[in-house]
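In this note's numbering, the protein residues as written are 15 to 343.
Shown next, in the form of structure tokens:
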């Protein structure tokens with residue numbers, strides 16, 4: 015499957031997607047290096063460092079971070095010399111633009127952190143993520159399900175209605191209630207403009223489940239060239255026993271396969287524990303996993319160390335954390 019997938023065409027490497035996460039003062043940082051058909055590419059968010067430990071910072075420095083989801087350095091090359099040349103040019107560009115450091119969430123199907131981990135200052139396996147192999151027929155996919163899950167899906171198909179939705183207001187209302195119920199961080203409370211921009215992008219598709227004419231579950235999926243991603247979901251907590259989430263996913267797998275997609279990426283758990291409830295739930299649908307890596311590079315070590323020391327002095331804490339100076343005190 016993997017040899018036929020073009021990672022660079024996934025939505026996470028598009029400017030339209032990355033621009034959804036730009037805040038005031040942010041900009042898109044993209045870099046491409048080519049030589050004799052070999053390519054190195056990255057797209058990220060360039061953010062100003064305005065404060066450290068509550069203190070205003072006006073030095074004019076920035077750092078980089080992968081947009082929400084996945085990304086990371088892409089290359090079609092196995093040539094270490096090419097990678098070293100590309101990284102040298104990349105570092106020079108970062109220094110020119112006063113970029114101190116970079117935090118990366120590598121796409122699970124991107125093997126860069128495995129093959130070229132020695133060009134990264136920080137490179138950690140974080141957790142496994144689950145994916146559906148869409149080359150499997152529905153019967154083959156269902157053979158991976160437990161008997162209990164198959165019975166739940168059959169019951170849902172009799173009691174619930176799955177349909178495409180274009181009503182973003184209906185979804186956002188349910189989504190906000192879900193985030194409140196889950197005590198989610200402020201980042202996940204996306205504003206009205208965010209959802210309006212999403213609905214302008216035909217790669218995003220919204221689906222819902224109704225029971226007796228009332229929405230009880232909604233999911234926003236991203237359909238890229240080869241990949242499908244489960245982006246955001248919302249549910250009516252009072253109707254949780256209906257198992258609408260499983261019903262939505264199974265139906266979405268069918269749609270993705272009908273549209274000749276190759277992989278449905280479900281993601282991982284809410285923690286990196288193999289016993290995490292969300293991870294175990296996703297594993298009910300598929301035995302296939304990929305490793306997820308978080309990585310980073312430091313381009314200006316003097317400033318990076320200075321900001322971290324400033325954070326430590328004003329927080330009275332000493333923790334191991336990449337881009338520590340970004341932490342709240």
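Glycine residues also receive a C-beta, built at the ideal position from the N, C-alpha and C atoms. Quick caveat, the model's predicted, so the values are computed rather than measured.
Are the beta-carbon atoms of residue i and residue j separated by less than 7 Å?
i           : j           : result
residue 222 : residue 232 : yes
residue 343 : residue 114 : no
residue 27  : residue 71  : no
residue 220 : residue 243 : no
residue 12  : residue 202 : Since the first and last residues shown for the chain are 15 and 343, residue 12 lies out of range.
residue 67  : residue 328 : yes
residue 321 : residue 105 : no
residue 188 : residue 248 : yes
Applying the 10 Å Cβ sphere with the 16-neighbour rule, what's the burial state of residue i?
i           : result
residue 336 : buried
residue 197 : exposed
residue 291 : exposed
residue 276 : buried
residue 116 : buried
residue 148 : buried
residue 174 : buried
residue 177 : exposed
residue 155 : buried
residue 41  : exposed
residue 282 : buried
residue 143 : buried
Give me, in chain order, the residues of the same chain whose beta-carbon lies closer than 7 Å to that of residue i; leave out the 5 immediate sequence neighbours on both sides.
i           : result
residue 17  : Residue confidence for residue 17 is low, a pLDDT of 49 falling below 50, so the modelled location carries little weight and cannot support an answer.
residue 6   : This structure cannot speak to residue 6, because the chain is shown only from 15 to 343.
residue 307 : 120, 127, 137, 138, 139 and 140
residue 21  : 88, 121, 123 and 124
residue 297 : 144
residue 311 : 115, 116, 134 and 135
Kindly indicate which three-state DSSP category residue i falls into: helix, strand or coil?
i           : result
residue 76  : strand
residue 267 : helix
residue 319 : helix
residue 126 : helix
residue 328 : helix
residue 31  : helix
residue 292 : helix
residue 311 : strand
residue 17  : Residue placement at residue 17 is poorly supported in this model, since its pLDDT is 49, which falls under 50; the coordinates still yield a value, given next. The answer is helix: DSSP assigns residue 17 an H, G or I state.
residue 46  : strand
residue 61  : strand
Could you pull out every residue in the same chain whose Cβ sits closer than 8 Å to the Cβ of residue i, ignoring the five residues on either side in sequence?
i           : result
residue 93  : 52
residue 195 : 251
residue 98  : 133
Closer than 6 Å by C-beta to residue i: which residues in its own chain qualify, once you throw out the five before and the five after it? Chain order, please.
i          : result
residue 83 : 26
residue 79 : 59 and 117
Is residue i a contact residue of the ligand NAP, with contact defined as CB to any heavy atom under 6 Å?
i           : result
residue 228 : This structure does not include the ligand NAP; it has no bound ligands of any sort.
Of all the beta strand (DSSP E) runs that stay within the bounds of the region 139 to 215, which reach a length of 3 or more residues?
-> If you keep only unbroken beta strand (DSSP E) runs of at least 3 residues inside the region 139 to 215, you get 175 to 179.
In chain order, which continuous runs of the alpha helix (DSSP H) of length 4 or greater are located wholly inside the region 217 to 273?
-> Entirely contained in the region 217 to 273, the alpha helix (DSSP H) runs reaching 4 residues are, in chain order, 258 to 272.
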